[in-house]
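These protein sequence lines map, in sequence, to chains Z, S and F. Quick note, the first sequence lines up with residues 469 to 761 if you use the numbering used here. Quick note, the second sequence lines up with residues 3 to 242 if you use the numbering used here. Quick note, the third sequence lines up with residues 2 to 349 if you use the numbering used here. Quick reminder that beta carbons are idealized off the backbone N, C-alpha and C, glycines included. Since we're looking at a predicted model, the values are computed, not measured.
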Amino acid sequence: MTYFIQQMLNGVCWGSILGMLGAGYTMTFGIIGLVNFAHGEIFMAGAFAAYFALHVAGLPFGVAALLGILGAIAIGLLVERIAFRPVRGSGMITLFITSFAASIGIRTLFVMLFTDRAKPFSMPAFLKGAYLIGDLFIFKKTIAVVIVLVVVGALLMYLVKKTKTGIAMRAMSYDSETAQSMGINTEKIIIITFIIASALAGVAAIMWGVSYGRIRSSMGMMPVVDAFIASVIGGLGNVFGAIVGGLILGIGETLFVAYLPPELIGLRTLFVWIVLFIIIIVKPSGLFRANVK
Amino acid sequence: MSTELLLELSGVTAGYGKMPVLHGVSIKCHRGEIVTLLGANGVGKTTTLRTILGQLKPRDGEIKFNGADITRLPPHKTAALGVAHSPEGRNIFGNLTVIENLRAGAHLLKTRKELKEHLDRVYSMFPRLKERRTQIAGSLSGGEQQMLAMGRALMSNPRLMLLDEPSLGLAPQLVKLVADTLTEVNRTGTSVLLVEQNARLALEISRYGYVMEKGAIALEGNAKELGANEQVKKVYLGIA
Amino acid sequence: MRVREGFTAVARYPIGIGLVVLVLFLLDRSLPGFWLTLFLLFGINTILAVSLNITNGWANLFSIGHGGIMLAGGYAAALFTLPVFFKVDIIGLHLPGWILNVQIPFLPALLLGGVVGSIVGILLALPALRLRGIYFILVTLGFNLIMVSIAENLPNYTNGAMGLRQFPLYTNVWWVWGIAFLVIYIALRLRKSYIGRAFIAIGRDQELAEHMGINLLKYKIYAFGLSTFFTAIGGILWVHLILNLFPNAFSLALVFHVVTMIVIGGMGSVSGAVIGAAIITGFTEVLAPIEEGFQVFGVQVPHLFGLTTLLLAVVLILILILRPQGIMGEGEFSLQGLRKRLLRSKPG
């Protein structure tokens, strides 16, 4: 029983990271209609920016975290400028190929420059250690990650539901042409969406670094698929849904691996595809209301 | 009533593919007027509105709004000048609630005070919308969606409202509501360019009218004169 | 003698075939090792590109899972072509005797691998084709990742991530280019036939094709079955050339290279696929030594692994921005077309 709860906690930690990634992903997917494969690399770039600030420049954790988020935003805007804006309106396949190319290109560049070896990511002293309740370890970092998820998630929900920009975003994801005739500047909204989505990826990167203590150039490759699936589970363009979707995937995957016989550990990647398969067959529009027509 | 020119299209030619849909269309709308654009299905009435808005760029000709050239202006900039749109088929945002739709329409407003004032005005014109304000717009009836589309267009207190087939598919009482709303809105200073299949209704509330055929203006004149015109009576009013 | 569409003309005339055979013979004899390998890689890439074009180009079923297909076909063939002592003594696979204790020649291995690849491809297609748009692409991506994962995680059957070695060097000019010409010929003939035109119709406008009476599912499965058959064969030829099989060589980077070939050449064009294969092969092999690191003016440039893939990513994005239809668009190379273009550029 303790094992189960322990794994649940690990799952909540992983799920929070996926939820953050999924939330950003579903924003670009929902609002701009873009399957952004490079989201994983934006995530990775944020981690690396924070890593350099922490370990090379020796800056304090708070500053490094901020720089990580800014780094993610910078790469996100670069990707938008180079791989998306020039081919806007070109059809889904073309947009997919450019985002695929951007993803592979950035990843390969980082592997080339920094190798794919794991780099250490140290966490600040106040997050080290755990609370012991009976046989259960409740890591401080897990608590921190969950708090960040809840706080950032709440801010995001407020933005999306209550603010003028949020309403404009959701209107645009449903019908971009009509939104324009209300005076909504869709180009500006696209940039804002990219900034927010990339910032969320940056937050997820810091969460990852704190939780696992290691980063590497290829760290974005698998999570981006998880983020996509979390978006599908949650309903396209639905930020709350994506967060819930991420938690479901994270907890599910962790429990799956926890109870898998050791020789089959490598098959963990199978889990998310099984979930995707189920969702697409049973409820393709997702668990919550999608924001697309 | 001032006769200042608000909207002017001169020789506008526009289209989607190789063949243009509009051929040298010229329309004038003065401040405080309701002008109607009549014609059968497919003659280019909706295309005209889309070209004014900027969703379609004309190949030839000029569009002026309040003296400013808006021929090549993108839609959100045209909207910012005071042009609002209630599209054919309503196009309400089905994923948002009624009040969120209205707030979307108020995107250009600067202050909360304005937002509240305009919201109250729209609610008083369409009490049903106030009742259903937290309901998801996609679940409204056809008539309610039309009210929402019009209300949304009015949120920005536009100088000019472009309406596309507002009476389509509506029960008679709702058609009357639309007509009354338009008249009221016009009285308070908003000009209207109305595209309508229901020619009788349109000519009743408009001051001036244009009849389109095959992408060009075939006939124009005072609403009363048009209503008395034999051709118009036969083809559009169904009076032999 | 009328000049007809470039390639089929050659195939129809015995003189043409004889010439091609002679050229191949001379190349086989005279090319030094590096150039011969390059020529063989070009041929293998041609096979991969032309077969990918059938699904991704013609039928507009954008699959990125062919790495997984090559793994399936590759293992199916390799487990039979590898020498017995390797399978039993050196890596100790836990497979039934009738696999471990045989070593078969190339042709049956190719056919076996091709058929296995085709079956796996159809098994992938059946559920995947129910999905539209981006979900389809996503499932093929998942398929590729899962296949690599399975290969790496079942060491008793596949030797895991350590892969297979000690392959007999079966691949040569005749196998590669014989099959390449065959694939090109089949593709060009298909293009004119009902089946090929059905593929293209499905690719252009699915609903319209359905109204015209084309059974969508049937033809999509045909397209997949055919494409994956030759993709698997391409993979088997490659493995028996480089003499090893590592699962992670079949991951997304490989998929990406082939996609780049058909995009550069023009999705929907067979000759485009050939041209794209040529360009990418040349590009990759030219950059390979640079990736290792080199000396210029006494300065040591360190190794830059992945430079090829990176540059290809840049090139791909540029092509999609500047000339999305690729070099050939959807058309084919023809001698008449070439003559017209040359005549047009003359002054006067």
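Which class does residue i belong to by DSSP, given the choice of helix, strand or coil?
i         : result
S/Ala-42  : coil
S/Glu-6   : coil
F/Thr-232 : helix
S/Met-214 : strand
S/Asp-122 : helix
Z/Lys-596 : coil
F/Pro-290 : helix
F/Asp-29  : helix
F/Ile-328 : coil
Z/Val-579 : helix
Z/Ala-669 : helix
S/Gly-17  : strand
S/His-25  : strand
F/His-212 : helix
S/Lys-66  : strand
Taking Cβ positions, are residue i and residue j nearer each other than 8 angstroms?
i         : j         : result
F/Thr-47  : F/Val-275 : yes
F/Leu-267 : F/Gly-179 : Looking at the sequence provided, one finds Gly at residue 267 of chain F rather than Leu. In this structure, F/Gly-179 does not lie closer than 8 angstroms to F/Gly-267 by Cβ.
S/Leu-117 : S/Tyr-125 : no
Z/Phe-497 : Z/Gly-705 : yes
Z/Gly-536 : Z/Ile-674 : yes
F/Phe-168 : F/Val-240 : yes
Z/Phe-605 : Z/Ala-598 : yes
Z/Gly-573 : F/Val-315 : yes
S/Leu-162 : S/Val-234 : no
Z/Gly-483 : Z/Ile-719 : yes
F/Met-213 : F/Ser-270 : no
F/Met-71  : F/Gly-277 : no
S/Gln-147 : S/Ile-101 : no
F/Gly-233 : F/Gly-74  : Checking the sequence shown, residue 233 of chain F turns out to be Ala, not Gly. Yes, the Cβ-Cβ distance between F/Ala-233 and F/Gly-74 is below 8 angstroms.
Residue i: which of the options sits nearest, CA to CA?
i         : options                                    : result
F/Val-264 : Z/Ala-569, Z/Leu-717, Z/Met-476, Z/Ile-601 : Z/Ala-569
S/Met-152 : Z/Ala-593, Z/Pro-752, Z/Met-650            : Z/Met-650
Z/Val-693 : Z/Gly-490, Z/Tyr-471, Z/Arg-549, Z/Phe-472 : Z/Gly-490
Z/Leu-623 : Z/Gly-559, Z/Thr-722, Z/Ile-711            : Z/Ile-711
Z/Lys-587 : Z/Ser-685, Z/Gly-718, Z/Asn-759            : Z/Ser-685
S/Ser-208 : S/Ile-219, S/Gly-191, S/Ala-181            : S/Ala-181
F/Leu-242 : F/Trp-176, F/Arg-340, F/Phe-182, F/Ser-52  : F/Trp-176
F/Thr-285 : F/Met-262, F/Gly-330, F/Leu-189            : F/Met-262
S/Thr-99  : S/Glu-133, S/Phe-67, S/Lys-79              : S/Glu-133
F/Ala-152 : F/Asn-145, F/Leu-146, F/Phe-144, F/Gly-161 : F/Gly-161
Z/Thr-576 : Z/Met-469, Z/Thr-661, Z/Ala-506, Z/Leu-502 : Z/Ala-506
F/Ser-64  : F/Phe-43, F/Gly-122, F/Asn-249, F/Gly-74   : F/Gly-122
S/Pro-22  : S/Gly-34, S/Arg-61, S/Thr-5, S/Leu-7       : S/Arg-61
S/Ala-220 : S/Leu-164, S/Val-27, S/Val-14              : S/Val-27
F/Lys-88  : F/Asn-102, F/Tyr-76, F/Lys-221             : F/Asn-102
S/Thr-136 : S/Met-127, S/Leu-150, S/Ser-193            : S/Leu-150
F/Leu-80  : F/Asn-57, F/Asp-90, F/Gly-66, F/Ala-110    : F/Ala-110
Z/Val-671 : Z/Asn-504, Z/Asn-478, Z/Val-503, Z/Phe-516 : Z/Phe-516
Z/Thr-583 : F/Leu-305, F/Ala-78, F/Leu-155             : F/Leu-305
Do you know offhand how far residue i's Cα is from residue j's?
i         : j         : result
F/Phe-137 : Z/Ala-533 : 37 angstroms
F/Leu-313 : S/Tyr-212 : 57 angstroms
S/Arg-114 : S/Asn-159 : 14 angstroms
S/Pro-168 : S/Thr-50  : 16 angstroms
Z/Met-495 : Z/Val-707 : 7 angstroms
F/Ala-224 : Z/Phe-589 : 48 angstroms
F/Ile-320 : Z/Ile-565 : 11 angstroms
Z/Ser-571 : Z/Gly-508 : 7 angstroms
Z/Met-476 : Z/Thr-470 : 10 angstroms
Z/Ala-639 : Z/Leu-738 : 36 angstroms
Z/Val-616 : Z/Ser-679 : 12 angstroms
F/Met-2   : F/Glu-333 : Reliability fails at F/Met-2, whose pLDDT of 45 lies under 50, so the model's placement of it is uncertain and no value is given.
S/Leu-8   : S/Gly-140 : 34 angstroms
When the cut-off is 8 angstroms and only beta carbons count, does residue i lie next to chain A?
i         : result
Z/Ser-558 : Reference to chain A is not applicable here, since the protein chains of this structure are Z, S and F.
Taking a cut of 7 angstroms between CB atoms, which residues from the stretch 318 to 337 of chain F lie near chain Z?
-> Ile-318, Leu-321, Ile-322, Pro-325
Along the stretch 489 to 503 of chain Z, what residues have a CB closer than 9 angstroms to any CB found in chain S?
-> none
Anything in the stretch 646 to 658 of chain Z with a Cβ closer than 8 angstroms to a Cβ of chain S? List those residues in chain order, please.
-> Thr-646, Ala-647, Gln-648, Ser-649, Met-650, Gly-651, Ile-652, Asn-653, Thr-654
For the stretch 87 to 112 of chain S, which residues have a CB atom closer than 7 angstroms to at least one CB atom of chain Z, in sequence order?
-> Here the close residues are His-87, Pro-89, Asn-93, Phe-95, Gly-96, Asn-97, Leu-98, Glu-102, Arg-105, Ala-106, Gly-107, His-109, Leu-110.
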